[in-house]
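Student:
2 protein chains.
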Amino acid sequence: MTLDITDAELVLMQLLWTESPLTARELTERLEKDKGWHRKTVNTLLSRLARKNVIQREKGPGGISNWHPLVDRETYRKTVTASFVDEHFNGEIAPLVASFAKGRSLDDSQVAELQALLDSMFEDD
Amino acid sequence: MTLDITDAELVLMQLLWTESPLTARELTERLEKDKGWHRKTVNTLLSRLARKNVIQREKGPGGISNWHPLVDRETYRKTVTASFVDEHFNGEIAPLVASFAKGRSLDDSQVAELQALLDSMFEDD
DNA sequence: ATTGACAGACTACGCCTGTAGTCCAACGGA
DNA sequence: TCCGTTGGACTACAGGCGTAGTCTGTCAAT
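Quick note, the sequences are listed as chains A and B, same order.
Mapping to our numbering: the first sequence position 89 is 89, numbers consecutive.
Mapping to our numbering: the second sequence position 21 is 1021, numbers consecutive.
(1) Which residues in chain B sit within 8 Å of residue 121 of chain A, going by Cβ to Cβ distance?
(2) Should residue 142 of chain A be flagged as near chain B, meaning a C-beta pair shorter than 9 Å?
(3) Using a Cβ-Cβ cut-off of 8 Å (strictly less than) and excluding sequence neighbours within five positions of residue 1095 of chain B, which residues of its own chain qualify?
(4) My output table needs one value for residue 22 of chain A: the three-state DSSP class, helix, strand or coil.
(5) Please state if the CB of residue 54 of chain A and the CB of residue 118 of chain A are separated by a distance shorter than 9 Å.
(6) With burial defined as no fewer than 16 other Cβ atoms inside 10 Å of the residue's Cβ, what is the status of residue 112 of chain A: buried or exposed?
(7) Residues of chain A with a CB under 8 Å from the CB of residue 1055 of chain B: which are they?
(8) Taking only beta-carbon atoms, is residue 1068 of chain B less than 9 Å away from chain A?
(9) Flag this pair as yes or no: are the beta carbons of residue 69 of chain A and residue 37 of chain A separated by less than 9 Å?
(10) Is residue 67 of chain A helix, strand or coil by DSSP?
(11) Go to residue 1093 of chain B, then tell me how far its alpha helix (DSSP H) extends in each direction, as first and last residue.
(12) When burial is assigned at 16 or more other CB atoms within 10 Å of the CB, is residue 1056 of chain B buried or exposed?
(13) Using 9 Å as the limit for Cβ to Cβ distance, is residue 81 of chain A near chain B?
(14) CB residue 1031 of chain B to CB residue 1015 of chain B, shorter than 9 Å?
(15) When the Cα atoms are used, what is the spatial distance from residue 45 of chain A to residue 1058 of chain B?
(16) Between which residues of its own chain and residue 43 of chain A is the CB-CB distance below 7 Å, once the five residues before and five after are set aside?
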């Protein structure tokens, strides 16, 4: 279960993580509009995600197929983030934040949120 | 100049960012040992990076070819980090740090470093 | 019962990527 | 001067990925 989700597949997952279950039709409607994807493209991606056990289909009322994630967003975020930090920042989070802030200054709410996070860590000790 | 560097290419870049210039031979020695890569593989990657204007060759003393980066590490880190944060965390850094910390608790020095970073941001205002 | 439209499995296909081989020119040692 | 080794340009090739077409069955409306 290596949790490998490609870029195109991730677009689908973002939708399903935001709202699920969704039917193929509902997904297609959004993705045709937002991404210009063909119905068949959406279908292929759904199949590939299903084959990887990342999503699953379930029969809803009236026999309608609903798709929903089997992997939750937070689990996925943890793994990709850990990989990213390892690959690009030698496993250290602070330099990542520094690089990010250099490229795009953090607004006050971002800083406050980070501060709250750090404070909660001190408490946990 | 989209700065797209693949995983295998990145391995080379990490070496060149740590120490440069390096000759093809020097790179090959390290990568044969560390990664089991063939000399020819290293060569292909060097060529591809050069074609993308990410590295450059320069004639050293004695006509030896030395490779060195044209893109500095910090620039690269800023761009990949921004993309990553946008793609996975909707452009917000605090949730990224939260996810990272959930998967792998931060040790004291990491927390201290982050705190110092935040403090310096307050000063800048 | 017939038809039309969509769902999903399977197939297709070109480009990118990882990995390496071929070929030729240059250089260093015998 | 000749040979073996190396560098680099070019070529190769399989598997993954983005993108979509074909085929078949099903369900809804007629």
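C-beta atoms are modelled at their ideal positions from N, C-alpha and C, and glycine is treated no differently.
Tutor: According to the structure data:
(1) 1101, 1106 and 1111
(2) The question about residue 142 of chain A has no answer here: the residues shown for chain A are numbered 1 through 125.
(3) 1089
(4) strand
(5) no
(6) exposed
(7) Here the premise fails: no neighbours, minimum Cβ distance about 18 Å.
(8) no
(9) no
(10) strand
(11) 1093-1103
(12) exposed
(13) yes
(14) yes
(15) 45 Å
(16) 24
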